[in-house]
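So the protein sequences, as listed, match chains A and B. For what it's worth, the working numbering labels the leading residue of the first sequence as 42, then goes sequentially. For what it's worth, the working numbering labels the leading residue of the second sequence as 14, then goes sequentially. In this text, a Cβ means the ideal position worked out from N, Cα and C, and glycines have one as well. Everything on this sheet refers to the single structure shown next.
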Amino acid sequence: MSNKVDLQEGWRNFNRKNTYVLSLIIFIITTVAYLLLQPNVFDEGVISRLLTSNFRTWLPVILLAIGQTIVMLGGGLDLSSGALVSLGNVILAISITSNEEPWFNLLIVLGVVALGLIAGFFNGILTAYLGLQPMITTFATSFVYSGLALLILPNPWGNIPREYTKVYRNTSWFGIPLALFIIALILIIWAIIKNRRYGHFLLAVGGKADAAYYTGVRVRRIRISTYVISGLFASLAAICYTLLTGSGSAVSGAEMTLSAITAAILGGTSMAGGSGSLIGSVLGAIILGTIKNLISLSKMDSWYRVLVNATVIILALASPGIINLIRRKK
Amino acid sequence: MSENIQSSEKKKFTISPQVTALLLALLLFLASGFLPNGFNSVDNAINQAFNILRLSAFLALIAAGQTLVIISGGEGIDLSAGAIVTIAVLFTYKFINGDNAMVLPVLFFVVACGAAIGLFNGLGIAYLKIPPFVMTLGMAGVVTGALLVVTRGLYDGKVAPIMTNVIARDLVWGIPGMLFLWIIFGVFMTILLERTRYGKQLFAIGVNRLTARLSGVRVDRMIVATYSIAGALAAFSGFILVGWLQNAGLLVGNQYLFPSIAAVAVGGTLLSGGKGSYFGTMAGAIVIQLITSLLTTMQLPEAIQQIVYGSILIVLLIVYGREKGIRL
Chain A
42 MSNKVDLQEG WRNFNRKNTY VLSLIIFIIT TVAYLLLQPN VFDEGVISRL LTSNFRTWLP
102 VILLAIGQTI VMLGGGLDLS SGALVSLGNV ILAISITSNE EPWFNLLIVL GVVALGLIAG
162 FFNGILTAYL GLQPMITTFA TSFVYSGLAL LILPNPWGNI PREYTKVYRN TSWFGIPLAL
222 FIIALILIIW AIIKNRRYGH FLLAVGGKAD AAYYTGVRVR RIRISTYVIS GLFASLAAIC
282 YTLLTGSGSA VSGAEMTLSA ITAAILGGTS MAGGSGSLIG SVLGAIILGT IKNLISLSKM
342 DSWYRVLVNA TVIILALASP GIINLIRRKK
Chain B
14 MSENIQSSEK KKFTISPQVT ALLLALLLFL ASGFLPNGFN SVDNAINQAF NILRLSAFLA
74 LIAAGQTLVI ISGGEGIDLS AGAIVTIAVL FTYKFINGDN AMVLPVLFFV VACGAAIGLF
134 NGLGIAYLKI PPFVMTLGMA GVVTGALLVV TRGLYDGKVA PIMTNVIARD LVWGIPGMLF
194 LWIIFGVFMT ILLERTRYGK QLFAIGVNRL TARLSGVRVD RMIVATYSIA GALAAFSGFI
254 LVGWLQNAGL LVGNQYLFPS IAAVAVGGTL LSGGKGSYFG TMAGAIVIQL ITSLLTTMQL
314 PEAIQQIVYG SILIVLLIVY GREKGIRL
């Protein structure tokens with residue numbers, strides 16, 4: 042009897058420390074279902090091809106979800122990151138049209154990154170320094186960013202050189218695509234930062250801001266830094282998205298913001314701040330992508346797709362709650 | 014003790030957000046007279062004022078449920094409001110089909126549908142502990158998806174003449190019927206918030222869920238009730254909206270969603286919960302609608318409109334949307 046209680050207690054502790062466990066389970070279920078629906082998975086090169094084609098599509102949302110998670114860990118919310126993707130996307134699309142001036146192109150890319158950092162800093166100043174409510178403030182700034190994008194490029198257009206897009210779309214080493222290496226690199230960097238001062242401070246600020254303040258944490262700085270990081274990831278997502286599609290559109294990022302937030306919450310990150318993980322958000326974004334793939338593989342009537350997609354997402358979000366309810370009844 | 018604190022607060026010279034919002038609205042409206050295609054006579058000005066008030070009324074109706082949900086705290090927000098408005102618009106349009114006798118039954122049916130959708134939101138949030146943001150976002154997807162399945166993109170119908178007469182036309186002395194409806198609705202909402210047990214408990218769970226529970230409030234039930242009422246109110250505003258639009262659309266409600274949240278925030282309701290009023294939301298809706306109308310009157314390109322709208326919203330928030338008590 043006591044053994045069982047210990048086990049339960051242990052499982053609960055494990056869950057609390059590893060918020061991504063449930064998303065990992067859902068990830069395994071959806072991925073297995075996806076692989077089973079694929080014909081001849083075990084033929085040579087099929088897995089590698091699937092990895093490449095899927096991860097290059099998912100990477101922008103995965104990057105946004107990572108940035109969003111950092112903001113949410115600090116107790117904020119960034120609704121402007123998708124609009125920043127649009128802005129970066131149109132700037133890249135109108136500026137990079139030939140591969141004859143690599144230095145100029147590199148300068149544009151660096152400019153987009155700098156723009157993301159500045160926009161994130163602006164979000165941070167408004168929310169953390171002036172104490173405005175994050176949700177409505179970043180929504181307001183998203184209007185400014187998407188308006189600028191529309192001003193720069195009213196109609197979708199773009200001609201990114203194929204030499205560049207090919208690198209993003211088709212690079213892979215040992216059958217593992219470039220996108221996975223990027224994700225792995227970010228996760229490794231985060232694993233190092235997480236256990237250092239910044240990581241501890243970030244979780245403290247998100248968990249209990251006033252307590253963190255009294256123990257000497259510079260709450261405002263930490264909060265501003267989360268928005269700057271989110272801006273950085275938004276510009277990285279813009280670069281990846283531009284390389285993926287080879288063109289620009291002023292509404293390219295509009296749908297991504299909410300997907301990124303959903304991915305982060307699917308991954309076990311709390312909206313109240315202070316608890317969550319990047320790996321969970323990555324898994325969450327992969328789950329969202331896999332659900333879409335499953336729906337298109339199932340050859341379902343296209344009118345049902347929105348409904349099924351939303352229902353499955355709600356069920357996935359509800360699964361921890363359902364498990365808890367069942368356990369409490371027992 | 015608490016009285017002491019209140020009275021000392023009153024001594025400081027502060028203007029409440031609602032009054033600021035109304036003053037700002039008046040200023041903006043007068044400024045709009047200087048536009049080349051603004052009003053140029055008193056009659057014209059009154060006409061324009063009524064027109065803007067009528068448009069604000071729709072925004073404020075849709076923002077009513079949002080106000081309740083946001084006051085309830087716990088990162089409360091209802092992103093499904095837009096989808097509920099759409100479904101109410103389409104149902105009303107289809108089922109009334111120009112028949113006066115069908116108005117009341119359809120109204121009940123539509124409001125019940127909205128309440129049922131809200132009930133699911135509330136159950137998911139209170140018992141399954143899904144964060145409101147994603148729960149209601151997912152619900153918006155489900156509702157929109159269900160609409161697509163049922164309608165397959167096609168819809169047909171007609172508004173009843175009585176709805177046109179009451180909502181869209183002038184009722185007496187050139188005052189639109191919508192404004193009377195809005196005032197009655199405002200009084201109802203204010204009584205609900207200030208004078209009922211429900212309202213008191215709503216503010217209590219918004220300030221602190223734990224203390225509310227310890228003092229005997231059934232928090233989970235309150236959350237479920239609040240999201241259900243919000244759904245019902247959103248459906249009611251859809252019913253009214255179709256009387257004004259005289260037409261339906263598959264995405265008609267979505268454009269009101271974020272402006273309605275902005276109206277709540279501009280009206281001085283804390284997005285973190287526990288503090289707010291419907292009077293504030295009414296004032297906020299007028300401000301937001303004025304800005305939109307001004308930008309449209311100035312005939313700026315869409316891109317510039319977005320940039321100006323966002324910037325004005327930021328300035329408004331800086332002026333008086335700051336959360337009190339944060340000095341970190």
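Residue i to residue j span [Cα, whole Å]
| i | j | result |
| --- | --- | --- |
| I180 of chain B | F122 of chain B | 19 angstroms |
| L348 of chain A | G154 of chain B | 6 angstroms |
| S15 of chain B | V147 of chain B | For S15 of chain B, the pLDDT reaches just 43, beneath the cut-off of 50, and the residue's location in the model is therefore unreliable, although a value from the coordinates is still provided. Their backbone Cα atoms lie some 37 angstroms apart in a straight line. |
| A278 of chain A | W214 of chain A | 22 angstroms |
| A253 of chain A | T164 of chain B | 53 angstroms |
| Q61 of chain B | T310 of chain B | 11 angstroms |
| G172 of chain A | V156 of chain B | 35 angstroms |
| E315 of chain B | G188 of chain A | 8 angstroms |
| T224 of chain B | R210 of chain A | 55 angstroms |
| Q79 of chain A | S337 of chain A | 12 angstroms |
| N130 of chain A | G131 of chain B | 37 angstroms |
| S183 of chain A | G123 of chain A | 8 angstroms |
| A320 of chain B | I84 of chain B | According to the sequence shown, residue 320 of chain B is Ile rather than Ala. For I320 of chain B and I84 of chain B, the distance between alpha carbons rounds to 29 angstroms. |
| Q302 of chain B | F249 of chain B | 20 angstroms |
| G330 of chain A | R346 of chain A | 13 angstroms |
| F133 of chain B | L43 of chain B | 45 angstroms |
Exposure of residue i, with buried meaning 16 or more beta-carbon neighbours within 10 Å
| i | result |
| --- | --- |
| V82 of chain A | exposed |
| I18 of chain B | Note on I18 of chain B: pLDDT 45, under 50, position unreliable in the model; no value is reported. |
| K23 of chain B | Confidence at K23 of chain B is low in this model, with a pLDDT of 45, below 50, so its placement is unreliable and the value that follows should be read with caution. Answer is exposed; the Cβ neighbour count stays below 16. |
| G293 of chain B | buried |
| T138 of chain A | exposed |
| D342 of chain A | exposed |
| G111 of chain B | exposed |
| L227 of chain B | exposed |
| L68 of chain B | buried |
| A326 of chain A | buried |
| D251 of chain A | exposed |
| S54 of chain B | exposed |
| T256 of chain A | exposed |
N-terminal and C-terminal residue of the alpha helix (DSSP H) that residue i is part of
| i | result |
| --- | --- |
| S89 of chain A | V87 to L114 |
| M191 of chain B | G190 to E207 |
| P143 of chain A | P143 to G165 |
| M148 of chain B | P145 to T164 |
| G314 of chain A | No alpha helix (DSSP H) contains G314 of chain A, which DSSP labels as neither H nor E. |
| W257 of chain B | V232 to L258 |
| Q61 of chain B | V55 to I84 |
| D251 of chain A | A250 to Y255 |
| P118 of chain B | V116 to A139 |
| A301 of chain A | M297 to L307 |
| P361 of chain A | R346 to K370 |
| I274 of chain B | N267 to V279 |
| I304 of chain B | Y291 to T310 |
| A173 of chain B | Where A173 of chain B is concerned, there is no enclosing alpha helix (DSSP H), given that its DSSP letter is neither H nor E. |
| G123 of chain A | S122 to S136 |
| K107 of chain B | A94 to I109 |
| K288 of chain B | K288 of chain B -> no alpha helix (DSSP H), and no H or E assigned at all. |
| L223 of chain B | R222 to L227 |
Within chain C, partners of residue i - CB distance below 8 angstroms
| i | result |
| --- | --- |
| I317 of chain B | No chain C is part of this structure, whose protein chains are labelled A and B. |
Per DSSP, the bridge partner or partners of residue i
| i | result |
| --- | --- |
| I217 of chain A | A:W214 |
| W198 of chain A | A:G289 |
Subject >> Residues of the stretch 216-230 of chain A with Cβ closer than 7 angstroms to any Cβ of chain B, in chain order >> reply: none
Original post:
What residues from the stretch 270-290 of chain B come within 8 angstroms of chain A, judged by C-beta to C-beta, listed N to C?
Top reply: F271, I274, A275, A278, L283, L284 and S285
Subject >> Contact residues within the stretch 127-148 of chain B, judged by C-beta distance below 8 angstroms to chain A >> reply: G137, Y140, L141, K142, I143, P144, F146, V147 and M148
Original post:
Listed in chain order, which residues of the stretch 96-122 of chain A have Cβ atoms closer than 7 angstroms to some Cβ of chain B?
Top reply: none
Original post:
Using a Cβ cut-off of 8 angstroms, which residues of the stretch 350-365 of chain A contact any Cβ in chain B, in chain order?
Top reply: N350, A351, T352, I354, I355, L358, A359, P361, G362, I363 and N365
Original post:
Quick one, which residues of the stretch 323-334 of chain B are near chain A if we go by CB-CB under 8 angstroms, in chain order?
Top reply: G323, S324, L326, I327, L330, I331 and G334
Original post:
If you measure beta-carbon to beta-carbon, which residues of the stretch 158-175 of chain A are closer than 9 angstroms to chain B?
Top reply: L167, A169, L171, G172, L173, Q174 and P175
**OP:** Give, in chain order, every residue of the stretch 157-188 of chain B whose Cβ lies closer than 7 angstroms to some Cβ of chain A.
**Re:** T157, G158, A159, L161, V162 and R165
Original post:
At a Cβ cut of 8 angstroms, what residues of the stretch 324-354 of chain A count as close to chain B, listed as they run along the chain?
Top reply: W344, Y345, R346, V347, L348, V349, N350, A351, T352 and I354
Subject >> Near-chain A residues of the stretch 79-101 of chain B (beta-carbon distance less than 8 angstroms), N- to C-terminal order >> reply: E88 and I90
Original post:
What residues in the stretch 255-267 of chain B bring their beta carbon closer than 7 angstroms to a beta carbon of chain A?
Top reply: none
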